[in-house]
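A.B. asks: In the numbering used here, the protein residues as written are 406 to 915.
(1) Considering Cα atoms alone, identify which of 811, 885, 826 is closest to residue 857.
(2) Using the Cα positions of residue 758 and residue 752, report the straight-line distance between them to the nearest angstrom.
(3) Please state if the CB of residue 799 and the CB of residue 726 are separated by a distance shorter than 8 Å.
(4) Does the segment 532-551 come into contact with the segment 729-748, if we say contact requires no fewer than three beta-carbon pairs (one atom in each stretch) closer than 8 Å?
(5) Is there contact between the segment 481-489 and the segment 619-627, where contact requires at least three CB pairs shorter than 8 Å?
(6) Among 671, 655, 859, 868, whose alpha-carbon lies nearest the alpha-carbon of residue 424?
(7) Could you check which residue in 449, 691, 579, 414 has the C-alpha nearest to that of residue 505?
(8) If you check the beta carbons only, do residue 781 and residue 828 fall under 8 Å apart?
(9) Return helix, strand or coil for residue 694, following the three-state DSSP convention.
(10) According to DSSP, residue 854 sits in a beta bridge with which residue or residues?
(11) Which same chain residues end up closer than 6 Å to residue 890 when comparing Cβ atoms and leaving out the 5 residues on each side of it in sequence?
(12) In the segment 521-582, which residue ranges form an unbroken alpha helix (DSSP H) of at least 4 residues, counting only runs that do not cross its ends?
(13) For residue 641, which residues from the same chain have a beta carbon less than 7 Å from its beta carbon, with the 5 sequence-adjacent residues on both sides left out?
(14) With contact counted as at least three CB pairs below 8 Å, one residue from each stretch, are the segment 709-719 and the segment 438-447 in contact?
(15) Bridge partners for residue 517 per DSSP, in chain order?
(16) Under the DSSP definition of a beta bridge, which residues are partnered with residue 859?
(17) Return the Cβ separation of residue 709 and residue 694 in integer angstroms, given the expectation that the two are a contact with Cβ distance under 8 Å.
(18) For residue 890, which of helix, strand or coil comes out of DSSP?
(19) What do you reckon, are the CB atoms on residue 660 and residue 518 nearer than 8 Å?
(20) One question on the structure: do residue 852 and residue 427 come within less than 8 Å of each other, judged by their Cβ atoms?
(21) In the segment 409-443, which residue ranges form an unbroken beta strand (DSSP E) of at least 3 residues, counting only runs that do not cross its ends?
(22) What did DSSP end up calling residue 512 once you bin it into helix, strand or coil?
(23) Going by beta-carbon coordinates alone, are residue 529 and residue 495 separated by less than 8 Å?
(24) Tell me whether residue 732 sits in a helix, a strand or coil according to DSSP, three-state version.
(25) For the alpha helix (DSSP H) containing residue 795, name the first residue and the last one.
(26) Do residue 418 and residue 850 have their C-beta atoms within less than 8 Å of each other?
(27) Where do the N-terminal and C-terminal ends of the alpha helix (DSSP H) with residue 765 fall, by residue?
(28) Name, in chain order, the residues that DSSP records as bridge partners for residue 669.
(29) What's the gap between the Cα of residue 749 and the Cα of residue 738?
(30) Apply the 10 Å Cβ neighbour rule to residue 910 and answer buried if 16 or more other Cβ atoms are within range, or exposed otherwise.
(31) Assign residue 490 to one of three DSSP states: helix, strand, or coil.
This is how it looks when you write it as structure tokens:
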């Protein structure tokens, strides 16, 4: 079992040379040598290749989780999208129970969530699918709309509510029961007074009312109140009453991101809740959520997270050897928690070393080297100590400095990383180690967009993977993904890959 280093150069993507590519502009003789002289391939690290929606850029959390899991780890939104594509959404047992329970009791299904196409907390397509499902089951259904305005334009809510009304008419099922800005309905800072305004509106039908949701939103804009801060308002038919929840109704919360739904969900399901006055809460026939907001709530969940069995760190631990995770503060959680697929505690014989990221600067363009030299010193010591058989280390610079969009600083970051990689490889060669050098996503290779403007986000570009092993003549196949890295390491160790790890080794067998 040859000792192996997995060195992750965060933000090291592949793109054509140009004025926005800090990597190509920098003097990086070591990285240039790696790409030119060692087995190298490109790995997809965005979109469906890492369990995100098609076209979505990767990120450090998702990237490290895919690397550690040894397969594609579907994120919440993609998990739901795949269910829709494969016609499994309508067969979901939790969703069916929410619908049929209300139908049996003669009640109404209340759908609650953020209505936008932002894709951060929810997605409009999921709501449409729920309305179609209610139509097929022939159950009364209403929607409690939460307006966005943070992950979408501050005044895009009017358009989304228009789309919702059109979908309701097209499908022939549903009505809008209430509208609230996310400031009230989705607070996560325990500002319970905000939650109560939304609660009183969608549970009890109290507060402002309107018979014209579009006019109410436009009037709000005219008053300088944008989507996020839209005051909770019940929607009534002419001469009618607000749609309050009643015994026998069911509630489904369709946001897939948990953090901003926990407080409302807690008020819905925790009997001992005392943070605001709930009033007479009806006896619901069913209550469920799209994903798990909090395990202690005990709510039925339509789409449970992938539990990622048999991550690479656990398989290494089962070999009875020592492993090390090393990074500076900015990426420490990524080589530990995320690489271990959401596990907080270290595996047996897993050591962890944290180097503090600089705190004497406000932004890292002011100190592009960050703490890479200290990380490198600890890494070289660990390699030469002969104490470990596996090390995962992250160099944060290309990503963190890349986020500033300042090219000169990013060039300095690239050159600092290059010098440190040279020191690491000297130790690898001298100690008889093997190394895989790769990245979790791109960034520093694209700091200008097509219009020449500053680009500070991650990219959808592929990343390199380079194998350094002087004792073997490996070749790497093309068309890999981040989830192929762990199977590659197991393959080189001649350790059987578990069935749950369905990535494929990059080693060419021919």
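No residue lacks a Cβ here, since even glycine has one placed at the ideal position from N, Cα and C.
Just so we're clear, the structure is a prediction, and the values are computed from it rather than from any experiment.
C.D. replies: Concretely, from the data shown:
(1) Nearest Cα to residue 857 within the set 811, 885, 826: 811.
(2) Residue 758 and residue 752 have their C-alpha atoms some 14 Å from each other.
(3) no
(4) No, the segment 532-551 does not touch the segment 729-748.
(5) no
(6) 859
(7) 691
(8) yes
(9) strand
(10) In DSSP, residue 854 forms no bridge with anything.
(11) Counting only Cβ-Cβ distances below 6 Å, and skipping sequence neighbours, we find 472.
(12) 529-542, 562-576
(13) 614, 616, 647
(14) no
(15) As computed with DSSP, residue 517 is found in a beta bridge with 549, 658.
(16) 853
(17) Actually they are not in contact, since the Cβ atoms of residue 709 and residue 694 sit about 11 Å apart, beyond 8 Å.
(18) helix
(19) yes
(20) Contact flag set, yes.
(21) List check, beta strand (DSSP E) in window: 409-414.
(22) coil
(23) no
(24) strand
(25) Where residue 795 is concerned, there is no enclosing alpha helix (DSSP H), although the beta strand (DSSP E) it sits in stretches over 795-800.
(26) yes
(27) First-last for residue 765: undefined, no H or E at that position.
(28) In DSSP, residue 669 forms no bridge with anything.
(29) 9 Å
(30) buried
(31) helix
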